[in-house]
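Step one of this worksheet: look at the structure below.
There are 4 protein chains.
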Amino acid sequence: MTIRTLVWSENVHERTNAEVARLYPQGMHATIAAALNADPGIAAGTATLQDPEHGLTEARLAATDVLVWWGHAAHGEVADAVVERVVRAVWSGMGLIALHSAHFSKVFLRLMGTPCNLSWREAGERERVWVTAPHHPIAAGLPAFFELEHEEMYGEPFGVPEPLETVFVSWFQGGEVFRSGLTYRRGAGNIFYFRPGHETYPTYHDATVQQVLRNAVRWAANPAPRLADPQAAPNVPVEAAPERIEARGASLHAPGREGFR
Amino acid sequence: MTIRTLVWSENVHERTNAEVARLYPQGMHATIAAALNADPGIAAGTATLQDPEHGLTEARLAATDVLVWWGHAAHGEVADAVVERVVRAVWSGMGLIALHSAHFSKVFLRLMGTPCNLSWREAGERERVWVTAPHHPIAAGLPAFFELEHEEMYGEPFGVPEPLETVFVSWFQGGEVFRSGLTYRRGAGNIFYFRPGHETYPTYHDATVQQVLRNAVRWAANPAPRLADPQAAPNVPVEAAPERIEARGASLHAPGREGFR
Amino acid sequence: MTIRTLVWSENVHERTNAEVARLYPQGMHATIAAALNADPGIAAGTATLQDPEHGLTEARLAATDVLVWWGHAAHGEVADAVVERVVRAVWSGMGLIALHSAHFSKVFLRLMGTPCNLSWREAGERERVWVTAPHHPIAAGLPAFFELEHEEMYGEPFGVPEPLETVFVSWFQGGEVFRSGLTYRRGAGNIFYFRPGHETYPTYHDATVQQVLRNAVRWAANPAPRLADPQAAPNVPVEAAPERIEARGASLHAPGREGFR
Amino acid sequence: MTIRTLVWSENVHERTNAEVARLYPQGMHATIAAALNADPGIAAGTATLQDPEHGLTEARLAATDVLVWWGHAAHGEVADAVVERVVRAVWSGMGLIALHSAHFSKVFLRLMGTPCNLSWREAGERERVWVTAPHHPIAAGLPAFFELEHEEMYGEPFGVPEPLETVFVSWFQGGEVFRSGLTYRRGAGNIFYFRPGHETYPTYHDATVQQVLRNAVRWAANPAPRLADPQAAPNVPVEAAPERIEARGASLHAPGREGFR
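Protein chains in written order, with this note's numbering: chain E, 1 to 261; chain B, 262 to 522; chain F, 523 to 783; chain A, 784 to 1044.
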């Protein structure tokens, strides 16, 4: 079963910065989608901030198994209604891969519930990504480490919740470290944060990075049917209780009423 | 060092429902605060939805080590600005105890990043709370289980992230189970969710429940100084890198500029 | 790719207790293996305590993707050398499903590092297993809960490490609760503990239990090649360091020597 | 209440290697104990491999709140009976701080249930330890990072279970990274693994390392009474069930009999 994947990018610096345009002439989303489509089990399309509703309509999300998100300069321009829509899609079972500066995207912040902050330096230094969980599907087929000769530095502490598993930890030439691959679940949705990918470097052209992305999409895809209402809080009437009981004592809710929200 | 604790309640049903008023004539917050103040190491005050800014001004939060939150019918009336203020206080190091129907409070939803849903039944049935982590400070001095003869049922699945630790699991007479005590960290703030406490039953008058609340406040208090900016994302200039490096390659950021948010 | 599965059982009470023999005339392992073989992607065989080397030779383990373990009365008769062999196979990537009273098996104790204790009662009471992680692959296709009319009770606290995820929690008629489905990783091996399965009841004939077992085998199978030495601790000589460094200061180890164990 | 702490060391290289003897003339245990005793809330003594029963009698362990363990060359000489005794003490509530090469000690291996392997290099290179969980009590009062100019390198992957929390991650001059501070619970015992401390370098004379050790002892101390039998698995007779039930169906156990182990 093909994994329907949507690569979303804000697509800003590709149009305003000469170096980024040179590296990613069709946009970072196009490069990433092409890398994903090298896996016959993945069918990746793209959407950008500039599309109507940022290309993230209810219909599009409903037909997306895994969403890949790259944003940096324009987090604030993403409409709150779209953010809520994406969050609910994740809760309903859509996977999410948050890339690099997406740590400060509205979508990731909403799903983590934490500050998501870090330290940073843009110096084109060397990053070496170490696999800390070699058994993990996202690390399948990878070497013990891989290097990116030029990357932005992200340093600890990274203000995220303790992950389910730490898959990668990065070493930086300038002396910092960073937990670069982290897994989470939010509702029925699998989430993977992956650090590399500063737009002024050719990171998404790197073959190992592309393998990580394909692995991550496969890991994040949830084959179960999407939940119709991920926040349903059903009342179980006394007569439907699994064990026979009788109602006792005072009550706030008239029979059949919905709960408070 | 005394733990400065603030017990917040929406204080609605105490004023509109005769049974709730009978059980908690001064409000649930008053009963809970009195229970906490039985511990000489805790100094608990109260605030309610009806206070100006819901009693949750910046100054008040800055002077609060642990916030206890009870809400149910009026989640929607809590001002979003106050919610953000509370979330940032937690990130900065304030502890949070979320009680019962606070599972659907804006504050808890924001900090969890998940649906926080569950099934429920208001039938005054018996709840038996089992200690699953007897080593945990929140279980200190507790028996293997304790019973609440009349409680609202909350049933699994509970739509929260995997906790750091599961401290309690509840058995319900009608046949359901629920993870009733869960710990989290969000930024520098410790969070404990505790299930019992439906307003039409005398739960917060129960001696064991009161012990849990005192234990939880002690566990949640973070003695470290409050963070000034919990979401700071400092740039580390090349010349301040721990290891000597030289800037290479293209760059988006002029020296000294702040990062994007 | 077919998942090569081995169902191991001590096969004691099937031969000494009339009721167990009636329920499982070919042994519990045969019933479980048949249930697994209903999945065309699984090829399940069996082995028992009475086989030479308990049927768990190096060759057999090397050809096993997932091992299912049921033991109860004869934990002490399992040879320590075989236990170590199984533990190393798990570390190397073999999945393990520990069933019911396997909580006190040598293999499970070794892999958990904890007491693995619990309370228990053999009264043929009703157990209701609730799904707490409906998104999890092990819960795929399951209803919200399923009932076993007659089961042994296991009660909290269950002396295990915090799991990666809690998939099931059980309700018992007599008033207890238990975390009945827990996931772990140990080295490259995926481990699932599943509570139901007392030998005097027809639990493994239950269709939903059988579905859980099939799901668990699929989840536990690790498609990566088995590790040759799961405890390898390689020395990285100075000249092979990823970054160029020079050896400095005192040293314990002559060049090329192995580390201490 | 004073935390009774016991610093255990194998005390081998201090007596056989001139450089180690120069750095730690009274043994590493003496230096570590002195550092702990600088905290008025800690009373630290010492024991070594050469003491009768390695200085770890039942009585000594019963009077120990936190055990600090350093071993390297002589793991194999630690008697298995003593290892089991220590493991049971941890399960009963004794804290354990495992230092550096204790990753391969019998005690730590038993408690983790994993390979505990890593890569290594003895080149006196620089290690920079980053705080990844600044809110954690073990990081109290620490700077964002601290440096050890000469240390042995330990590299990922580190073959341990996912921790409760990752407190430190190390950067190495030669290009590797390592999760250097990890927390676990095993039974009622709190466990902290701390990486630094190769015997040919003055690591335990470092003021920040000493602060980490004091913080860790305070964190690991469990004020609850020690469990008499950490592996007790009590039978709950039908007549003692919290809810009234009647025994039904077949049974293996005669009334009052103990369970199988």
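We put the beta carbon where it would ideally sit given N, CA and C, even for glycine.
Neighbourhood of MET355/B in chain E, by CB distance below 8 Å: empty, with the nearest CB roughly 14 Å away.
The beta carbon of VAL177/E lies closer than 8 Å to those of GLY155, GLU156, VAL169, SER170, TRP171 in the same chain, with the five residues before and after it left out. Per DSSP, SER1034/A lies in no beta strand (DSSP E) segment and is marked neither H nor E.
Chain-order list of chain E residues neighbouring ARG382/B: ASN235, VAL236, PRO237, VAL238, ALA241, by C-beta distance under 8 Å. Taking C-beta separations shorter than 8 Å and ignoring five residues to either side along the sequence, the partners of TRP652/F in its chain run ALA666, PHE667, PHE690, VAL691, SER692, TRP693, following chain order.
With fewer than three CB-CB distances shorter than 8 Å, the segment 892-899 of chain A does not count as touching the segment 1006-1023 of chain A.
Any Cβ of chain E closer than 8 Å to the Cβ of ARG736/F would place that residue at the interface, and such an atom is absent.
Excluding the 5 residues flanking it on each side, ARG389/B has same chain C-beta neighbours closer than 6 Å at PHE406, GLU408, TRP432, in chain order.
Out of HIS364/B, MET262/B, ARG387/B, ALA335/B, the CA that lies nearest to the CA of GLU413/B is found in ARG387/B. The alpha-carbon separation between LEU1035/A and ARG447/B amounts to approximately 48 Å.
Using a Cβ distance threshold of 8 Å, TRP530/F and ALA569/F count as a contacting pair. Less than 8 Å separates the beta-carbon of VAL608/F from that of VAL629/F. Within the DSSP bridge table, the entry for ARG4/E names ALA43/E as partners.
Listed in chain order, the non-local C-beta contacts of TRP642/F below 8 Å within the same chain comprise GLU674, MET675, TYR676, GLY677, local neighbours out to five positions each way being set aside. Only residues of its own chain outside the window of five on either side were considered, and among them LEU640, PHE700, ARG701 have a CB closer than 7 Å to the CB of PHE680/F, listed in chain order. For THR200/E, no alpha helix (DSSP H) encloses it, and the DSSP letter there is neither H nor E.
Sequence-distant partners of ALA350/B (beyond 5 residues in either direction) whose C-beta falls short of 6 Å from its own C-beta, in its chain, are LEU322.
The contact set of PRO395/B on chain F, defined by CB atoms closer than 8 Å, consists of PRO679 in chain order. Counting other Cβ atoms within 10 Å of its Cβ, ALA98/E reaches 16 or more and is therefore classed as buried.
The three-state reading of DSSP puts VAL428/B in strand, counting E and B together. Ranked by Cα distance from ARG1027/A, the options THR461/B, GLN434/B, PHE521/B, ILE264/B are led by GLN434/B.
For ALA560/F, same chain residues with a beta-carbon under 8 Å away, outside a window of 5 residues either side, are GLN732, ARG736 in chain order.
For ALA881/A, the beta-bridge partners assigned by DSSP are TRP852/A, TYR976/A.
Looking from the CA of VAL682/F, the closest CA among PRO656/F, VAL588/F, GLU606/F, ARG632/F belongs to ARG632/F. Nearest to GLY458/B by alpha-carbon distance, out of THR277/B, ALA449/B, GLY442/B, ILE452/B, is GLY442/B. As computed with DSSP, MET675/F is found in a beta bridge with ARG643/F. A buried status is given to THR527/F, since no fewer than 16 other beta-carbon atoms sit within 10 Å of its beta-carbon. In this structure, ALA816/A sits near ALA827/A, with a CB-CB distance shorter than 8 Å. Nearest to PRO946/A by alpha-carbon distance, out of PHE975/A, PHE887/A, GLU802/A, is PHE975/A. At a cut-off of 8 Å, the C-beta of ASN278/B has a neighbouring C-beta in chain E. A straight-line Cα-Cα distance of about 11 Å links GLY859/A and VAL866/A. Nearest neighbour of PRO486/B by Cα position, chosen from ALA922/A, GLY907/A, HIS886/A, ALA846/A, turns out to be ALA922/A.
Apart from the 5 residues on each side of it in sequence, ALA856/A sits with its Cβ closer than 8 Å to the Cβ of GLU793, VAL795, HIS796 in its chain, given in chain order.
Measuring C-alpha to C-alpha distances from ASN190/E to each of THR200/E, ASP206/E, ASN222/E, GLU199/E identifies ASN222/E as the nearest. Sixteen is the threshold: when 16 or more other Cβ atoms of the shown chains lie within 10 Å of the Cβ of GLU383/B, as they do, the residue is buried. Ranking THR183/E, ASP65/E, THR57/E, MET112/E by CA distance to the CA of ALA79/E puts THR57/E first.
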